[in-house]
Amino acid sequence: MRRFMLAVLFAPALLAAPASAQDLQGHGGPVSALAVEGAAVLSGSFDTRAIVWDGESAVARLVLRFHDGSVTATAFLPDGGFATAGQDGRIALWDADAREPRFTTALHQGPVAELAVSPDGTVLAAASWDGRIQLVDLIANEARLVDAHQGMVTGIAYRADGDLLSIGSDLRLVTWRDGEPARSLGLPGSPNGLAVLGTGVAVIFADGALRVFDGDGVTGERQLSERPLVSIASGNGVLAAAAVTGEVWLLDAGNLASRHALLPDQGAVWSLAITADDLLTGGQDGLIRRWDLATGEPRGSGEAPSEIAFDDGSRGAEVWRSCALCHALTPDDGNRAGPTMHGIFGRRIGTAEGYDYSQALREMDIVWTPRTVAELFEYGPEAYTPGTRMPEQRIPSDDDREALVEFLARMTQ
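Quick note, the sequence shown lines up with residues -2 to 410 if you use the numbering used here.
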């Protein structure tokens, strides 16, 4: 689930990460959406980007940039492509390795809360805060809207039989068949997300409870927190749920018995996903952490980039904070979402060792100097380095640009 929208600053283009990294580092803001397909991970963030990751190597291989505001939902498509949706109410369909979406819609008047692909792979369903469900025909690339709930649609999912389930702030759980409501069930509180369990459905609530429903009513319940639950995922016989306070619970999907209780220390965990062996948690800190599904133990260090340890108290260090999640200052910290800044001055663009640059950057004739770095943020990446996938980011203040350049000169030699 995705609940709060914010503007985040700097985070760059085509990504590479150390093969030894287990946590996925690259977003410049809270991770608001996660989807998995085999070893691949598709994440969306408040930083306006979606990232396609090779989950085995923890390398991010593709950045998808389209939305104005947070990317609030992601999904893998049957043809190997991707779907993203955002705070802007737009949906984009992408071919594998595409730099631009092949099809877009802008029918919603509120953020998209969730995406779901039908079992036969022909329809993408989108739930929106405007109370409507959008059904996108993936064969014909056509879309239509269905009036679904009074108030926000806060969750959506397909059952294996092809029926579509939705929940909303009108306290209803609705079953849809061929775009028409087939059944409606009242809910005991405000729902924040759902996950399908065979013929039943698990729903998380603002009162901190997780409840399981069949066609007639509640069949199971766990009071997990006194605060709202904000994300849920299911798979491999496991249910995962997270609270706004950051706690995560792994439960047996059959009887809701506790398997593990986690405290990722990521702030609020806005998104969850389950693979064959791992639980993924997308946090407020911009990290995607991985946990052993069987033991509940962390796969990675769980540590956010520590570049602000280089803080020398200067204004330049303050400006650098927005860059630190995606760039290292030292050679031994390798490449994150973007290349290391170590030795940047005098280096030709697109040549940092071990970083997988876009073709456009490799072909540019720019050498990084204090002047060119300042100009990058004066004019913005799209104008100064056309073809980059770095999110548009400018530093309007002359003094701030100068402070950043001076900081880099001190810290990257």
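All C-beta atoms in this analysis are idealised placements derived from N, C-alpha and C, irrespective of residue type, glycine included.
Check: Mind checking which residues open and close the beta strand (DSSP E) that includes residue 365?; Outcome: No beta strand (DSSP E) contains residue 365, which DSSP labels as neither H nor E.
Check: Determine the burial state of residue 283: buried for a count of at least 16 other Cβ atoms within 10 Å of its Cβ, exposed for fewer.; Outcome: buried
Check: Within 10 angstroms of its Cβ, does residue 378 collect 16 or more other Cβ (buried), or is it exposed?; Outcome: buried
Check: Curious, which full-length beta strand (DSSP E) runs of at least 3 residues does the stretch 43 to 113 contain?; Outcome: 46 to 51, 56 to 62, 68 to 73, 79 to 83, 88 to 91 and 100 to 102
Check: Identify, in the order they occur along the chain, each residue of the same chain with its Cβ nearer than 6 Å to the Cβ of residue 75, setting aside the five sequence neighbours on each side.; Outcome: 118
Check: Could you round the C-beta distance between residue 259 and residue 245 to whole angstroms and report it? I think they count as a contact, below 8 Å.; Outcome: 4 Å
Check: Taking the straight line between their C-alpha atoms, what separation do you get for residue 176 and residue 184?; Outcome: 21 Å
Check: Ordered along the chain, which non-local residues of its own chain (more than five positions away) have a Cβ less than 8 Å from that of residue 140?; Outcome: 88, 102, 104, 131, 132, 133 and 134
Check: Please determine if the stretch 179 to 197 and the stretch 158 to 171 are in contact, where contact requires at least 3 C-beta pairs separated by less than 8 Å.; Outcome: yes
Check: With distances taken between CB atoms, is the gap from residue 232 to residue 211 smaller than 8 Å?; Outcome: no
Check: Can the beta-carbon of residue 57 be found less than 8 Å from the beta-carbon of residue 68?; Outcome: no
Check: Which residue's Cα is closest to the Cα of residue 153: 316, 405 and 124?; Outcome: 124
Check: Sort 143, 249 and 227 by Cα distance to residue 265 and report the nearest one.; Outcome: 227
Check: By Cβ distance, which residues of its chain are closer than 6 Å to residue 174, with the 5 residues on each side in sequence left out?; Outcome: 160
Check: Under 8 Å, with one C-beta from each stretch per pair, do the stretch 393 to 405 and the stretch 367 to 376 reach the 3-pair mark?; Outcome: yes
Check: Which ranges would you report for the beta strand (DSSP E) in the stretch 259 to 321 if only whole runs of at least 3 residues count?; Outcome: 266 to 271, 275 to 280 and 284 to 289
Check: How would you call residue 376, buried or exposed, if buried means at least 16 neighbouring beta carbons within 10 angstroms?; Outcome: exposed
Check: Please report the distance separating the alpha-carbon of residue 98 from that of residue 391.; Outcome: 25 Å
Check: Can residue 40 and residue 279 be called in contact, C-beta distance under 8 Å?; Outcome: yes
Check: Can you tell me where the beta strand (DSSP E) holding residue 198 begins and where it ends?; Outcome: 197 to 202
Check: Mind checking which residues open and close the beta strand (DSSP E) that includes residue 250?; Outcome: From DSSP, residue 250 is part of no beta strand (DSSP E); its letter is neither H nor E.
Check: Mind checking who residue 155 pairs with in its DSSP beta bridge?; Outcome: 161
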